[in-house]
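Some notes on the structure that comes next.
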Amino acid sequence: MKALMIITLLTGIALPTVASDRPAHFQGTEITSAAQAKSILKQYNAKLAALLKTELNPTSMTEIHQLTYTLENALAKLPAATDDIKAVLEEVHLGSESMDYQRVKTNAAAYLQQSQALLN
């Protein structure tokens, strides 16, 4: 019984450590209309493009990770947003989460190019 209590106690201590190894997750800005979604896309796409012009590092990857939450919310409000563009943005999101710089660069460039059609 004592051994079981010790194991339970140690497991309880170890779990928060494991949980803290995952990247933080964010909600992103709430988008209420297609007009707001387009405005947010313009603003956040500019931020993403600016970050891509710099040497990516953990700080910029975290910023990109945070941006993707709001960009995903914006795409969800635009009927013209295809599954394709959503999948490319998800690749940016996952790449930023795992600090895969090349994955982010490649997919962010594709996302920015594809998203231009949504802004017209």
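Residues -19 to -1, 1 to 101, numbered by mature numbering (1 follows the signal peptide of the UniProt record, and there is no 0), are exactly what the sequence shown covers, in order.
C-beta atoms are modelled at their ideal positions from N, C-alpha and C, and glycine is treated no differently.
Practice problem: Pick helix, strand or coil for Asp64, following the three-state DSSP scheme. | Solution: helix
Exercise. Check whether the Cβ atoms of Leu37 and Leu99 sit closer than 8 Å, and answer yes or no.
Key: no
Quiz item: Mapping DSSP to helix, strand and coil, what is Gln8?
Solution: coil
Quiz item: Hey, out of Glu72, Leu93 and Ser20, whose CA is closest to Arg84's CA?
Solution: Glu72
Self-check item: Three CB pairs or more closer than 8 Å across the stretch 11 to 30 and the stretch 43 to 61
Solution: yes
Quiz item: What is the DSSP secondary structure of Arg3, reduced to helix, strand or coil?
Solution: Below a pLDDT of 50, predicted positions are generally treated as unreliable, and Arg3, at 49, falls in that range; the measurement from the model is reported next regardless. Coil.
Quiz item: Hey, would you say Leu33 sits closer than 8 Å to Leu52, going by beta carbons?
Solution: No. Outside cutoff.
Quiz item: Is Asp65 near the ligand SAH, in the sense that its beta carbon is under 7 Å from a heavy atom of that ligand?
Solution: By its list of ligands, the structure shown contains no ligand whatsoever, and the ligand SAH lies outside what it can speak to.
Exercise. Indicate whether Ala30 and Leu93 have their beta-carbon atoms separated by less than 8 Å.
Key: Cβ atoms of Ala30 and Leu93: closer than 8 Å.
Quiz prompt | Sub-8 Å separation of Ser96 and Leu22 beta-carbons | solution = yes
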